[in-house]
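**Q** Protein sequence lines correspond, in order, to chains A and B. Read in our numbering, the first sequence has 58 at position 58, and its numbers run on one by one without any break. Read in our numbering, the second sequence has 25 at position 25, and its numbers run on one by one without any break.
Protein chains: 2
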Amino acid sequence: MNEPISIEKEITEPGHVHDCCQNHTQRVLAIRDAVELLGGKWKIQIIGTLLFRGKRRFMDLLREVDGIAAKMLSKELQDLEVNQLIKRTVLNTKPVTVEYEITEYGKSLEPLLRTLVDWGVEHRKRIMTRGNQN
Amino acid sequence: MNEPISIEKEITEPGHVHDCCQNHTQRVLAIRDAVELLGGKWKIQIIGTLLFRGKRRFMDLLREVDGIAAKMLSKELQDLEVNQLIKRTVLNTKPVTVEYEITEYGKSLEPLLRTLVDWGVEHRKRIMTRGNQN
Numbered sequence: 001m002n003e004p005i006s007i008e009k010e011i012t013e014p015g016h017v018h019d020c021c022q023n024h025t026q027r028v029l030a031i032r033d034a035v036e037l038l039g040g041k042w043k044i045q046i047i048g049t050l051l052f053r054g055k056r057r058f059m060d061l062l063r064e065v066d067g068i069a070a071k072m073l074s075k076e077l078q079d080l081e082v083n084q085l086i087k088r089t090v091l092n093t094k095p096v097t098v099e100y101e102i103t104e105y106g107k108s109l110e111p112l113l114r115t116l117v118d119w120g121v122e123h124r125k126r127i128m129t130r131g132n133q134n
Numbered sequence: 001m002n003e004p005i006s007i008e009k010e011i012t013e014p015g016h017v018h019d020c021c022q023n024h025t026q027r028v029l030a031i032r033d034a035v036e037l038l039g040g041k042w043k044i045q046i047i048g049t050l051l052f053r054g055k056r057r058f059m060d061l062l063r064e065v066d067g068i069a070a071k072m073l074s075k076e077l078q079d080l081e082v083n084q085l086i087k088r089t090v091l092n093t094k095p096v097t098v099e100y101e102i103t104e105y106g107k108s109l110e111p112l113l114r115t116l117v118d119w120g121v122e123h124r125k126r127i128m129t130r131g132n133q134n
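(1) In chain A, which residues lie less than 7 Å from D33 of chain B when you measure between Cβ atoms?
(2) Quick check on the DSSP output: the beta strand (DSSP E) that includes V98 of chain A runs from which residue to which?
(3) Kindly list the residues whose CB is nearer than 8 Å to the CB of E110 of chain A, restricted to its own chain and excluding five residues on each side of it in sequence; keep chain order.
(4) Determine the extent of the beta strand (DSSP E) in which I68 of chain B is found, giving its start and end residues.
(5) Report all residues from its chain with a CB closer than 7 Å to the CB of N83 of chain A; omit the five preceding and five following residues, and keep chain order.
(6) When Cβ atoms are compared, which residues of the stretch 49 to 61 of chain A fall closer than 9 Å to chain B?
(7) Kindly give me the distance between the Cβ atoms of I47 of chain A and V117 of chain B, rounded to whole angstroms, as I take these residues to be in contact under 8 Å.
(8) Closest to L80 of chain B by C-alpha separation, out of B:T103, B:R130, B:R53, would be which residue?
(9) Of all the CB atoms in chain B, is at least one closer than 8 Å to the CB of K71 of chain A?
(10) I need the boundaries of the alpha helix (DSSP H) containing K43 of chain A, first residue and last residue.
Following this line, the structure appears as C-alpha cells:
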C-alpha cells in the first residue's frame, strides 16, 4: 500500500539536495507516518482513554469511546496492538476477560495527547463563544 | 454480562460528579473535537506545509501534499478556511492565482504540529530499525 514519494525523488536527484528541503521532507514524512498510524476518528480517542484512565476491558472501551461500534473497536485495538502502542492481556477469569493497556512505547504519545487536549480545549471555547454570538 | 462501574453513569448520576471524571470528560470532548476538525489523511499535512513553508498557491499544494487529488485538496482547503485555520486570497494576476496561508488562529496549531513531527521522527526511526532487523 506504499504510495510513491515524489518529494524523495526531488531529493535523490543530484544537485537538488537543499538542507531546508531535506529537513522539510523529514518533517513531511514524519507527519505522514504519524497521521497514517494515528489518523481516523478513533485511535487517538482510544489511546487517550488508556493513557489518561489506565487499563480497560473491551466492554469498558466500547462504552467510553463514545459512538464506536464493537467491530470497529476490535479492528482499531488490533491495529494499535500490532504497532506496539497497546498491550492485550487475556485474563483467566470465567468468563474470560480481555484487558487493554498502554505500552511504554504508547506512553511516548503522552506529550502529543496533552498538546492535542490543550488545543482542543481552547478550540472548544472558541466554538462555544462563536456559537453564542450567532 | 457483568457491568463494571460506568464512568458515564457516575457522571450523570446526581451526587456523583467527581472532579477527575469531569476533567476526563473535558479531555475526551477536546480530543474528539480536535480529531474531528484535523483528522483524516490530509488536513494535518496541508497545515504542516503552510505552517512550516509559508504561503502556497493551489498548484504548489497539489504538488507538495504528496498523493492528494485536486478535488480532495479543494475540499480540504475549504474546510480549513471555514474553520478559520487558513486564509484564501485571490490575486489579480493573469491568469488569476489563488494563494493560501495560515491564519493567526492556524498558527496556534504549531505546538501540536511540532509534537507530532517529533513523535513521527522517532516513530520512523523505530520502524526503520525494525524493518532492517527483519
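Glycine included, each C-beta is placed from N, C-alpha and C at the ideal position. Note that the coordinates shown come from a computational prediction; the quantities given were computed from them, not determined experimentally.
**A** Well, looking at it:
(1) Within chain A, the residues near D33 of chain B are G120, H123, R124.
(2) 97 to 102
(3) L51
(4) First-last for I68 of chain B: undefined, no H or E at that position.
(5) Its chain contains L37 as the residues whose beta carbon lies nearer than 7 Å to that of N83 of chain A, once the 5 sequence neighbours on both sides are disregarded; these appear in chain order.
(6) T49, F52, R53, R57, M59, D60
(7) Not quite, the Cβ-Cβ distance comes to about 18 Å (not below 8 Å), so this is no contact.
(8) B:T103
(9) Residue-level contact check: K71 of chain A does not touch chain B, since none of the beta carbons of chain B fall below 8 Å from its beta carbon.
(10) 43 to 53
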